[in-house]
Amino acid sequence: MIRTRNTRRPIRRRPPPQRRRRTSYSTPKKRPNPRKSGFRFKWRWLILIIGLIILSYHVISLDIKVRKLFEGKRWSLPARVYARPLEIYTGMSLTTQALNEELKALGYRKGSTNSAGKYNPIGNNIVKIRTRAFKFWEATDPSRLVKIRFSSNKVQSITELEPTRQVALLRLPPKLIGKIYPNHKEDRIVVRLEDIPQSLINALIAMEDRHFYNHMGISIRGIARAILTNIKGGQIQGGSTITQQLVKNLYLSSARTFKRKFNEAIMALLLEWHYSKNQILEAYFNEVFLGQDGSRAIHGVGMAARFYFNRPLEELKLHQVALLVSLIRGASMYNPRRHPKRALARRNLVLDTMSKLGKISPMEARRAKKTRFDIEKSTAESQFPYPAFMGLVRSQLRTDYRTEDLRTTSDTKKKALDLSEGLRIITTLDPFLQKKGEQAMRSSLTKLSKKRRKARKIEGAMVVTRCDNGEVVAFINGRKAKYDGFNRPLKARRQIGSLVKVAVYLAALERSSYSLTSRISDHPYRWVDRYTGTVWKPQNYDHRSHGSVYLYKALANSYNLATVRLGKKLGLKTFHETLKRLGLTRELKNIYPSMLLGSLSLTPLEVAQLYQTIASGGFHVPVHAIRDVLTHEGKPVQRYALSMEKRFDPTSVFLLNFAMQQAVRNGTGRKISKTLPKHMVFAGKTGTSNDLRDSWFAGIGSEFSTVTWVGRDDNKPMGLSGGSGAMVVWRNFIRSINPQALPPRVPAGIKWRTINGLKIPYKSN
2 MIRTRNTRRP IRRRPPPQRR RRTSYSTPKK RPNPRKSGFR FKWRWLILII GLIILSYHVI
62 SLDIKVRKLF EGKRWSLPAR VYARPLEIYT GMSLTTQALN EELKALGYRK GSTNSAGKYN
122 PIGNNIVKIR TRAFKFWEAT DPSRLVKIRF SSNKVQSITE LEPTRQVALL RLPPKLIGKI
182 YPNHKEDRIV VRLEDIPQSL INALIAMEDR HFYNHMGISI RGIARAILTN IKGGQIQGGS
242 TITQQLVKNL YLSSARTFKR KFNEAIMALL LEWHYSKNQI LEAYFNEVFL GQDGSRAIHG
302 VGMAARFYFN RPLEELKLHQ VALLVSLIRG ASMYNPRRHP KRALARRNLV LDTMSKLGKI
362 SPMEARRAKK TRFDIEKSTA ESQFPYPAFM GLVRSQLRTD YRTEDLRTTS DTKKKALDLS
422 EGLRIITTLD PFLQKKGEQA MRSSLTKLSK KRRKARKIEG AMVVTRCDNG EVVAFINGRK
482 AKYDGFNRPL KARRQIGSLV KVAVYLAALE RSSYSLTSRI SDHPYRWVDR YTGTVWKPQN
542 YDHRSHGSVY LYKALANSYN LATVRLGKKL GLKTFHETLK RLGLTRELKN IYPSMLLGSL
602 SLTPLEVAQL YQTIASGGFH VPVHAIRDVL THEGKPVQRY ALSMEKRFDP TSVFLLNFAM
662 QQAVRNGTGR KISKTLPKHM VFAGKTGTSN DLRDSWFAGI GSEFSTVTWV GRDDNKPMGL
722 SGGSGAMVVW RNFIRSINPQ ALPPRVPAGI KWRTINGLKI PYKSN
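Under my numbering, the residues of the sequence shown are numbered 2 to 766, in order.
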């Protein structure tokens, strides 16, 4: 160490740092490789691009799904089946009471006629009606205010009041009598936005989405509020807009998952991108779920208005509109029929919210809150009392179309009818005649069952058709006509007895060698089957033979021996051909002489077809139950035009009708006919099967042809003949409807002769 004079502190120099020795457990630091870091950067971009491609593909697939359903057929609608429209004309036989019953059945309400669907009886002779608009086949009938004046149970005049003018014919919209559901149980009535009350639109937006017209499908504020709720409550809550609710109802499930909510938001944006607010709003009103009626789901405000209030949507008032909107949050929770207090509180909240937002005035809200629900206990939309006739409608549809065509649509099929399109099927049913027929059947069977012990379990069937066009106006099935059980008039095959004899006598009257006054033998008859040796010996009902009798008397008194002898002389082949010309479509493999007396089994509907040809004067008119088939918008799909084919000479049918009139007046039906008004002229034929198992009667007037059957479902004897059973039911029905029963029009070529004080027609050569 070197010291200086001033003795300062010596300067120490540090030795240079020594490098540490590399040990076996130490690892040297690696310098970053520029090639490897660039590869990692590219890999991240590749993942991002692949993710964007997958997301784009997902969005595109969602976009295709959104547009495909929204622009195509969004809903499967049930086919709606209507009765015939009520046509009122000057001079028509109609009472004010009958009209009031018809209007009530159509859902019209008594009161001031300031809105559609109202009627007001004035005294006993005037009824004012504000009709509803309806789209028929050829045109749309608008809503009209009319006044109908009655005199002596007839329509004296029909006056339209706005503007004032006389109307010759007034057609009221038909009654809904049933629905045919395709492969679903969703029920809705599709409505257009312009037909929806503005108060309903205001109420919906006020309660469900106040910023509907300002967002693009999703609400950022609503989503943020939902996220906070989810964090606090631990559940996945929705901040759904109207658009998102529509997306969920149309495309997605109700599962509360992030995936579903993500898809819901994307699809809501796509829906808003492609379609206008009005289109979205209209779809929402038609899709929203608003209740459950058994297995039937109520969708859309149009169907809900019918289901809850039994009236069209446009006739709803403010308090009813508020109730519909309150059901959106929970149709079961706020069901007014099950939870009236809860529904009332929710409805009042809707009214208060509308008042707070200025959509209605506070006075309007207070007035509506004081109003009752006006809920119908049971609506006509869910209770259809004509199951047997609906079975006939389905049967006719299956005859004209394949069974699978009634369920689905296919471009490869030549004849397809898609019932999921919400078709309107206009039928021929007359609710007034149907009601009278049901009452007559029920009361008559009750009385008949008390007369004989064997008749305690009797049932019945009746088919009523119009003579001129073959329309089925009434189709009655037993005592409990509203019960959807075995369809007797359509499916019950029973031996028809003497009803078949008209084919034998008509075949004879077609020949110039026979007339009503021809003598035919009613002596005992014996037939032996040459193959089996079986001997058949028919007998008359009174177990007597009557020698040589006039032809018309043989039919009027239903003599079996005379009928068999006449039928054998004409030939069984001629008899069979006459049956087919009358309208028999069922194949008969073998024809036996016993069939001349009715040993063949047919349904009441098949018998009605045979007698329809006689009632129409020899023209074959198919018995049918459908008039028109329209789309749900009222556009024509198919019309069942009147089809007529001349099968018999009118003079021959006129002579047969005369003989059948004698059967009612002086023959097998004389006891019953005496209880009918004398001015009524009817032709008829009784029928009784072996051991009194089946009782039949076919009656023909100037308006209606009626076939009635009475018997036991187990096919056991009941102790009633045609005159003491089925004819009693027919008589009571005719009394209740009091139809016009005029003599048939006399065709050219008919002359008259008097025998024993009776004028009898015959053909002039």
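Even for Gly, the Cβ is constructed at its ideal location relative to N, Cα and C.
Cα-Cα separation between residue i and residue j, rounded to whole angstroms
i	j	result
Gly112	Thr96	19 Å
Thr586	Asp401	16 Å
Ala626	Gly438	17 Å
Lys752	Pro762	5 Å
Asn474	Phe390	Going by the sequence as given, residue 474 is Val instead of Asn. Each residue's Cα considered, the two are about 10 Å apart.
Ile237	Tyr309	Caution is warranted here: a pLDDT of 45 is assigned to Ile237, below 50, making its placement in the model unreliable, and the coordinate value is therefore given only provisionally. In a straight line, the C-alpha of Ile237 is about 33 Å away from that of Tyr309.
Asn667	Leu398	42 Å
Val536	Leu603	25 Å
Ser450	Gly461	12 Å
Ser644	Thr429	15 Å
Lys760	Val747	14 Å
Gln610	Gly392	17 Å
Thr755	Leu517	12 Å
Leu325	Arg368	17 Å
Arg408	Ile181	Summary for Arg408: the model assigns pLDDT 46, below 50, so the residue's position carries little reliability; its value from the coordinates is reported in the next sentence. Taking the straight line from one Cα to the other gives about 10 Å.
Arg527	Arg566	10 Å
Val248	Glu265	6 Å
Leu171	Pro86	10 Å
Leu424	Ile190	11 Å
Met718	Ala493	Here residue 718 turns out to be Pro, not Met, going by the sequence shown. Roughly 16 Å separates the two Cα atoms.
Leu743	Tyr83	31 Å
Glu405	Asn287	Bear in mind that a pLDDT of 47 at Glu405, under 50, signals an unreliable position, so the model cannot answer this.
Thr533	Gly572	21 Å
Phe683	Leu328	57 Å
Lys574	Ile592	8 Å
Glu315	Phe135	14 Å
Asn716	Lys686	22 Å
From the options, residue whose alpha carbon lies closest to that of residue i
i	options	result
Ala617	Leu657, Leu589 and Val638	In the sequence under discussion, the amino acid at residue 617 is Ser, which differs from the Ala named in the question. Taking only the C-alpha atoms, the option nearest Ser617 is Leu657.
Ser296	Tyr309, Ile178, Asp188 and Pro651	Asp188
Ser144	Lys136, Gln167 and Ala117	Ala117
Asn541	Thr669, Phe576 and Arg648	Thr669
Asn115	Lys129, Glu102, Asn250 and Ala106	Lys129
Met355	Lys370, Gln246 and Arg343	Lys370
Met442	Asp650, Gly218, Asn733 and Tyr109	Asn733
Ile61	Gly720, Met268 and Glu607	Met268
Asn478	Ile197, Pro637 and Val465	Val465
Tyr285	Val302, Asp294 and Gln293	Val302
Ser200	Lys570, Tyr484, Lys318 and Leu78	Lys318
Ser445	Gly179, His320 and Lys481	Lys481
Lys538	Arg531, Asn561 and Gln98	Asn561
Gln321	Asp375, Lys105 and Phe263	Asp375
Ser595	Glu607, Phe576 and Leu606	Phe576
Lys66	Lys148, Leu272 and Met217	Leu272
Residues bridged to residue i (per DSSP)
i	result
Pro762	Trp753
Gln496	Ser602
Met463	Ile477 and Thr709
Val128	Pro122 and Ile149
Lys371	Lys371 is not bridged to any residue.
Gly179	Val82
Asp188	Ile299
Ile426	Val82 and Val630
Gln167	Thr160
Leu173	Leu87
task: Identify every run of the alpha helix (DSSP H) within the stretch 662-712, keeping only runs that are complete inside it and at least 4 residues long; order them along the chain.
output: 671-674
field: Inter-stretch contact (C-beta, 8 Å, three-pair minimum) for the stretch 517-534 and the stretch 545-556
entry: yes
query: Is there contact between the stretch 206-216 and the stretch 339-359, where contact requires at least three CB pairs shorter than 8 Å?
result: yes
message: Quick test of the definition: if touching needs 3 or more C-beta pairs under 8 Å, does the stretch 141-160 touch the stretch 86-96?
response: yes
The stretch 641-657 touching the stretch 492-511, judged by at least three CB pairs closer than 8 Å: yes
- prompt: Considering only residues of the stretch 613-666, which uninterrupted beta strand (DSSP E) runs meet the minimum length of 3 residues and lie entirely inside it, listed in chain order?
  reply: 627-631 and 637-640
message: Count Cβ pairs between the stretch 674-692 and the stretch 485-501 that sit closer than 8 Å; are there 3 or more?
response: yes
- request: Note down, one range per segment and in chain order, each alpha helix (DSSP H) of at least 4 residues found wholly within the stretch 479-543.
  value: 489-492 and 502-510
- request: Enumerate, from N- to C-terminal direction, the unbroken alpha helix (DSSP H) stretches of 4 or more residues contained entirely within the stretch 270-343.
  value: 278-288, 302-310 and 319-327
- request: May I have a chain-ordered list of the alpha helix (DSSP H) segments no shorter than 4 residues that lie completely inside the stretch 536-587?
  value: 552-557, 561-571 and 573-583
- request: Pair every Cβ in the stretch 569-586 with every Cβ in the stretch 691-710, then say whether three or more of these pairs are closer than 8 Å.
  value: no
- prompt: In chain order, which beta strand (DSSP E) runs of at least 3 residues are fully inside the stretch 70-108?
  reply: 80-83 and 87-90
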